[in-house]
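Asker: The structure under discussion is supplied below as structure tokens; questions concerning it will follow.
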Amino acid sequence: MLREQRLRDAIELLRSLAADPAFPARMQQTLGALPSERCAIPSNERIDRRIPAPILNKRLTILAADGSQINPDRHDLVSIGLINTAVIRYQTGSGVSPRIVTQTTLLDPDDFTADRGSLTEDQIALRRDVAERELLAAEAGKSDAGVPLVALTDGPLELFTLRQAYAGQQQYIDRYQSALQVLFQQHVLLAGYIDRPRADLVVRMLELAVLRQDETPTTTFVPVDDSLLFAGLLQAGERSAVFGLNSRSNRELDEALRFSFFYLNCGDSQRPQIARVEIPAWVAADPEAIDLLHGCLLAQTRITEGVPYPYILHRAHECAVVTLAEKERIQNLILREYAAQRVTLSGESGKQRLKTLSNRKS
Amino acid sequence: MNSENPFGRIISANSRECVVAYRTSEQEIPRFGSMVHIPVQGAQDFEIYGLVTDIQIEEDGFLRQLATADTLPAEVLADNRVNRNVPIVLRILFLGCRDENGDSHLLPPTPPLTLTAIFRCNSSEIAHFTAHGNFGYFRHILNAVNAPAAELFAVHIRLTSIAQNAKHNEGWTRAAVEELITLLQDDYAGLTAILGALGDADISF
Numbered sequence: 001m002l003r004e005q006r007l008r009d010a011i012e013l014l015r016s017l018a019a020d021p022a023f024p025a026r027m028q029q030t031l032g033a034l035p036s037e038r039c040a041i042p043s044n045e046r047i048d049r050r051i052p053a054p055i056l057n058k059r060l061t062i063l064a065a066d067g068s069q070i071n072p073d074r075h076d077l078v079s080i081g082l083i084n085t086a087v088i089r090y091q092t093g094s095g096v097s098p099r100i101v102t103q104t105t106l107l108d109p110d111d112f113t114a115d116r117g118s119l120t121e122d123q124i125a126l127r128r129d130v131a132e133r134e135l136l137a138a139e140a141g142k143s144d145a146g147v148p149l150v151a152l153t154d155g156p157l158e159l160f161t162l163r164q165a166y167a168g169q170q171q172y173i174d175r176y177q178s179a180l181q182v183l184f185q186q187h188v189l190l191a192g193y194i195d196r197p198r199a200d201l202v203v204r205m206l207e208l209a210v211l212r213q214d215e216t217p218t219t220t221f222v223p224v225d226d227s228l229l230f231a232g233l234l235q236a237g238e239r240s241a242v243f244g245l246n247s248r249s250n251r252e253l254d255e256a257l258r259f260s261f262f263y264l265n266c267g268d269s270q271r272p273q274i275a276r277v278e279i280p281a282w283v284a285a286d287p288e289a290i291d292l293l294h295g296c297l298l299a300q301t302r303i304t305e306g307v308p309y310p311y312i313l314h315r316a317h318e319c320a321v322v323t324l325a326e327k328e329r330i331q332n333l334i335l336r337e338y339a340a341q342r343v344t345l346s347g348e349s350g351k352q353r354l355k356t357l358s359n360r361k362s
Numbered sequence: 001m002n003s004e005n006p007f008g009r010i011i012s013a014n015s016r017e018c019v020v021a022y023r024t025s026e027q028e029i030p031r032f033g034s035m036v037h038i039p040v041q042g043a044q045d046f047e048i049y050g051l052v053t054d055i056q057i058e059e060d061g062f063l064r065q066l067a068t069a070d071t072l073p074a075e076v077l078a079d080n081r082v083n084r085n086v087p088i089v090l091r092i093l094f095l096g097c098r099d100e101n102g103d104s105h106l107l108p109p110t111p112p113l114t115l116t117a118i119f120r121c122n123s124s125e126i127a128h129f130t131a132h133g134n135f136g137y138f139r140h141i142l143n144a145v146n147a148p149a150a151e152l153f154a155v156h157i158r159l160t161s162i163a164q165n166a167k168h169n170e171g172w173t174r175a176a177v178e179e180l181i182t183l184l185q186d187d188y189a190g191l192t193a194i195l196g197a198l199g200d201a202d203i204s205f
């Protein structure tokens with residue numbers, strides 16, 4: 001009951017702010033005083049705008065990238081770190097089988113041995129994100145100039161690891177931005193697709209919008225989040241207005257690369273399914289590009305009928321994923337090489353050995 | 001698929017038969033009842049001859065999901081047939097083998113190991129193996145469990161008669177059918193089924 005009431009309140013507030021022409025300027029002022037607040041910023045579209053599914057009558061080339069990783073485990077007999085990335089190229093209306101490119105990088109063992117400290121999962125995830133965008137940028141360069149090119153990644157475009165700085169991180173952030181610059185130069189319609197998002201960026205904007213001077217921000221609408229808000233607003237196939245993103249990491253980007261987002265209802269009339277779509281500034285500034293992206297994402301999510309998720313992103317995942325069996329095969333190859341070179345290993349840790357024994361069937 | 005390139009690899013085997021995974025990206029699905037050969041290398045090299053007795057197209061949950069869609073883009077169909085590692089699984093019945101002493105219609109001395117490559121037989125290999133001896137390999141087809149013997153004989157005799165005719169061995173087809181009548185003289189139902197299938201196979205003598 002509380003949730004439904006708060007949802008109604010949030011929708012009502014969204015609509016009343018949308019009708020207030022002074023709201024965007026007032027919001028800018030509020031965020032000037034609270035720069036660290038992570039929330040949505042109104043763009044030049046009314047914040048309660050609902051844009052119906054466009055008719056997609058253009059041929060597109062769609063690239064989708066995904067990556068997976070093996071995190072080094074000090075308990076293993078031989079500890080390995082690996083990043084595997086894949087890009088799949090899909091040409092709509094061509095009838096041609098999509099082309100798949102994969103790239104595998106075995107991490108330097110010196111990067112995670114005892115004397116150099118260990119690589120954390122987040123650090124490897126950052127390297128994986130960079131590898132995905134670099135492969136995407138390289139593949140984008142091989143596309144036909146006359147056909148619009150959409151490039152999709154699973155998850156946000158924004159790098160969350162920026163929040164926890166560590167030595168050597170900047171080089172990966174620079175490489176990430178360089179890859180984005182390449183995509184920008186080619187006017188690639190880049191988007192990060194976040195399935196079932198848990199963010200409260202727009203809800204937070206609403207909470208801040210009604211804040212009186214000198215008042216401390218509160219979470220007035222909890223447990224309402226953006227998914228719930230837009231599930232109550234958007235009909236099947238509709239997208240929301242485009243919102244800017246107020247965050248420290250976004251401000252640190254070049255203006256041309258900064259991320260915006262919109263929400264998309266990929267579900268049907270019975271079951272709304274909300275996704276957040278992050279886009280860079282060069283896409284956000286181009287209404288035709290947003291229309292193409294909107295139509296493209298809907299078409300992709302409808303291929304797997306009843307399970308609305310972009311087909312091409314699922315395929316990129318299938319191509320990128322590294323299974324446990326593959327990890328063991330790589331470890332066995334390395335072990336064979338160590339044996340050939342008469343390298344002595346310390347063996348599995350006691351903890352791992354007992355786990356292995358417990359899992360062994362008699 | 002041609003006789004020089006392997007079209008699949010063995011994923012399990014016993015003394016009588018093996019199971020082969022075959023990628024859907026191959027241009028031509030091996031035909032039911034067609035003959036294959038499997039080179040086995042080890043302490044003693046030999047070659048196994050076999051017959052495709054079953055073709056199963058595997059599925060996974062994702063394919064099942066796609067199959068429920070009203071329409072699928074041609075690119076998605078091509079992607080699933082060409083790129084995705086969903087194999088076609090073939091069951092191969094062993095008919096005999098060849099070693100340094102020549103052809104034999106006895107079962108191979110050992111089954112092939114997993115991941116051994118498998119090849120399609122060309123016309124000459126079919127004619128050579130099936131002309132050897134006195135149709136001893138027919139007993140393996142008759143004894144096969146869970147294989148449609150009548151259908152197998154019909155397809156096998158039709159395909160083999162083409163290979164034999166090319167070698168000017170026109171009497172092979174009649175001799176094969178007479179041998180089947182002899183082997184099944186005490187099994188009226190089995191014989192009737194095979195003769196019925198042979199009639200459907202439009203085999204000329």
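So the sequence lines, in the order shown, correspond to chains B and V. So for the first sequence, the numbering used here puts the first residue at 1; every next one is plus one. So for the second sequence, the numbering used here puts the first residue at 1; every next one is plus one. All C-beta atoms in this analysis are idealised placements derived from N, C-alpha and C, irrespective of residue type, glycine included. Remember, it's a predicted structure, so these values are computed and weren't measured experimentally.
1) Just tell me which of B:R329, B:K355, B:N250, B:E121 has its CA closest to the CA of D111 of chain B.
2) Evaluate E139 of chain B with the Cβ neighbour count: other Cβ atoms within 10 Å of its Cβ, from every protein chain shown; 16 or more gives buried, anything less gives exposed.
3) Using DSSP with H/G/I as helix, E/B as strand and the rest coil, what is Q69 of chain B?
4) Compare the C-beta of E179 of chain V against all C-beta atoms of chain B and say whether one is closer than 9 Å.
5) Which residues share a DSSP beta bridge with L93 of chain V?
6) With DSSP run on the structure shown, which of helix, strand or coil describes Y166 of chain B?
7) Determine, using beta carbons only, whether R9 of chain V comes closer than 9 Å to chain B.
8) Just the C-alpha distance for L201 of chain B and R38 of chain B, rounded to the nearest angstrom, thanks.
9) Under 9 Å, do L106 of chain B and L345 of chain B count as touching if we go by C-beta distance?
10) Chain V beta carbons: is any one of them nearer than 9 Å to that of G93 of chain B?
11) Examine chain V for any beta-carbon lying closer than 9 Å to the beta-carbon of A10 of chain B, and answer yes or no.
12) Kindly indicate which residue of V:L198, V:E178, V:H140, V:A189 has the alpha-carbon position closest to the one of G50 of chain V.
13) Mind checking the region 248–274 of chain B against chain V and listing, in chain order, the residues whose C-beta falls within less than 9 Å of any C-beta there?
14) Around the C-beta of Y263 of chain B, are 16 or more other C-beta atoms found within 10 angstroms, so that it is buried, or is it exposed?
15) Along chain V, which residues have their Cβ under 8 Å away from the Cβ of R353 of chain B?
16) With a threshold of 9 Å between beta carbons, is N2 of chain V in contact with chain B?
17) For the region 71–82 of chain V, enumerate the residues whose C-beta is nearer than 8 Å to any C-beta of chain B, in chain order.
18) How would you list, in chain order, the residues of chain B whose beta-carbon sits under 9 Å from the beta-carbon of A69 of chain V?
19) Thinking just about the alpha-carbon of each residue, which of V:L107, V:F46, V:A150, V:D200 is nearest to the one in Y188 of chain V?
20) Can you tell me where the alpha helix (DSSP H) with G350 of chain B in it begins and where it stops?
21) Since V202 of chain B is in the alpha helix (DSSP H), which residue starts that stretch and which ends it?
22) For E75 of chain V, is the classification buried or exposed, using 16 other Cβ atoms within 10 angstroms of its Cβ as the cut-off for buried?
23) Determine the direct distance from the alpha carbon of R120 of chain V to that of N2 of chain V, and round the result to whole angstroms.
24) Just checking: is the beta-carbon of L95 of chain V within a distance shorter than 9 Å of some beta-carbon in chain B?
25) In angstroms with no decimal places, state the Cα-to-Cα distance between L14 of chain B and A285 of chain B.
26) Does chain B have any CB closer than 9 Å to the CB of R84 of chain V?
27) Please name the residue, chosen from B:E278, B:L257, B:E318, that lies closest to Q185 of chain B on a Cα-to-Cα basis.
28) If I'm right that E116 of chain V touches I10 of chain V with Cβ under 8 Å, what's the distance once you round it to whole angstroms?
29) So which residues of chain B does L66 of chain V contact, with C-beta pairs closer than 9 Å?
30) Using a Cβ cut-off of 9 Å, which residues of the region 81–107 of chain B contact any Cβ in chain V, in chain order?
31) Check C382 of chain B in the structure and name its three-state DSSP category.
32) In terms of DSSP beta bridges, what is T153 of chain B paired with?
33) Kindly list, in the order they appear in chain V, the residues whose Cβ is closer than 9 Å to that of R46 of chain B.
34) If you drop the 5 nearest sequence neighbours on each side, which residues of the same chain put their C-beta closer than 8 Å to that of I80 of chain B?
35) Indicate the three-state DSSP secondary structure (helix, strand or coil) for D206 of chain V in the structure shown.
36) In whole angstroms, what separates the C-alpha of F46 of chain V from that of L63 of chain B?
Answerer: Well, looking at it:
1) Your numbering for residue 111 of chain B matches position 111 in the first sequence. Ranking the options by Cα distance to D111 of chain B, first place goes to B:E121.
2) Counted from its first residue, the first sequence places residue 139 of chain B at position 139. The residue in question, E139 of chain B, is buried, as its Cβ has 16 or more Cβ neighbours within 10 Å.
3) Indexing the first sequence from 1 puts residue 69 of chain B at position 69. The answer is strand: DSSP assigns Q69 of chain B an E or B state.
4) What you label residue 179 of chain V is simply residue 179 of the second sequence in a count that begins at 1. Output row for E179 of chain V: interface = no.
5) Counted from its first residue, the second sequence places residue 93 of chain V at position 93. Paired residue(s): V:E17, V:L51.
6) Here residue 166 of chain B corresponds to residue number 166 of the first sequence, with the count starting at 1. Here Y166 of chain B sits in coil by DSSP.
7) One-based indexing of the second sequence puts residue 9 of chain V at position 9. Chain B contact via Cβ: absent.
8) Sequence index remark: in the first sequence, residue 201 of chain B carries index 201 (1-based). Sequence index remark: in the first sequence, residue 38 of chain B carries index 38 (1-based). Roughly 7 Å separates the two Cα atoms.
9) In the first sequence, residue 106 of chain B corresponds to position 106, counting from 1. In the first sequence, residue 345 of chain B corresponds to position 345, counting from 1. It is not a contact, given that the beta carbons lie outside the stated cut-off.
10) Along the first sequence, one-based indexing puts residue 93 of chain B at 93. It does; some Cβ of chain V falls within 9 Å.
11) Translated into positions along the first sequence, residue 10 of chain B becomes position 10. Not closer than 9 Å to any Cβ of chain V, the Cβ of A10 of chain B fails to qualify, so no.
12) The residue given as residue 50 of chain V occupies position 50 in the second sequence. Comparing Cα-Cα distances from G50 of chain V to each of V:L198, V:E178, V:H140, V:A189, the minimum goes to V:H140.
13) none
14) Locating residue 263 of chain B in the first sequence gives position 263, where the first residue counts as 1. With 16 or more Cβ atoms within 10 Å of its Cβ, Y263 of chain B is classed as buried.
15) Looking up residue 353 of chain B in the first sequence gives position 353. Within chain V, no residue has its beta carbon less than 8 Å from that of R353 of chain B; the closest one is some 29 Å off.
16) For the purposes of this step, residue 2 of chain V is taken as the residue at position 2 of the second sequence. At N2 of chain V the pLDDT is 44, less than 50, meaning the model places this residue with poor confidence and gives no usable figure here.
17) L72, P73, A74, E75, V76, A78, D79, R81, V82
18) As a working note, residue 69 of chain V is residue 69 in the second sequence. Those are R302, I303, T304, E305, G306, listed as they occur along chain B.
19) Mapped onto the second sequence, residue 188 of chain V falls at position 188. It is V:A150 whose Cα lies nearest to the Cα of Y188 of chain V.
20) Counting from one through the first sequence, the residue named residue 350 of chain B turns up at place 350. Here the alpha helix (DSSP H) through G350 of chain B covers 350–359.
21) Position 202 of the first sequence, counted from the first residue, corresponds to residue 202 of chain B. If you look at V202 of chain B, you'll find it in the alpha helix (DSSP H) that goes 201–209.
22) Counting from one through the second sequence, the residue named residue 75 of chain V turns up at place 75. Buried, since its Cβ has 16 or more Cβ neighbours within 10 Å.
23) Residue 2 of chain V sits at position 2 when you count from the first residue of the second sequence. Residue 120 of chain V sits at position 120 when you count from the first residue of the second sequence. With a pLDDT of 44 at N2 of chain V, under the threshold of 50, the modelled position of that residue is not reliable, and no figure is offered here.
24) Indexing the second sequence from 1 puts residue 95 of chain V at position 95. Chain B, which has no Cβ nearer than 9 Å to the Cβ of L95 of chain V, makes this no.
25) Position 14 of the first sequence, counted from the start, is the residue given in the question as residue 14 of chain B. Position 285 of the first sequence, counted from the start, is the residue given in the question as residue 285 of chain B. The straight-line gap from Cα to Cα measures roughly 23 Å.
26) For the purposes of this step, residue 84 of chain V is taken as residue 84 along the second sequence, with counting starting at 1. Residue contact with chain B for R84 of chain V: present (Cβ-Cβ distance below 9 Å to some residue of chain B).
27) Within the first sequence, the letter at position 185 stands for residue 185 of chain B. Residue B:L257 is the option with its Cα nearest to Q185 of chain B.
28) Here residue 116 of chain V refers to the residue found at position 116 of the second sequence. Here residue 10 of chain V refers to the residue found at position 10 of the second sequence. This sequence places Thr at residue 116 of chain V; Glu is not what is there. With a Cβ gap of about 5 Å, T116 of chain V and I10 of chain V count as contacting.
29) Residue mapping note: residue 66 of chain V aligns to position 66 of the second sequence, counting from 1. I303, T304, E305, Y311, listed in chain order.
30) I88, Y90, Q91, T92, G93, S94, G95, V96, S97, P98, R99, I100
31) Since the displayed chain B opens at 1 and closes at 362, residue 382 of chain B lies outside it and no answer follows.
32) To locate residue 153 of chain B, count along the first sequence from 1; it is residue 153. Partner(s): B:A65, B:G192.
33) The sequence position of residue 46 of chain B within the first sequence is 46, counting from 1. Those do not exist, as R46 of chain B stays about 34 Å from chain V at its closest Cβ, beyond 9 Å.
34) As a first step, residue 80 of chain B is located in the first sequence; it is residue number 80 there, counting from the start. Taken in chain order, the residues that qualify are I70, P72, L106, L107, P109, K327, I330, Q331, I334.
35) For chain V, the structure presents residues 1 to 205; residue 206 of chain V sits outside this window and is missing.
36) Looking up residue 46 of chain V in the second sequence gives position 46. Looking up residue 63 of chain B in the first sequence gives position 63. Their backbone Cα atoms lie some 48 Å apart in a straight line.
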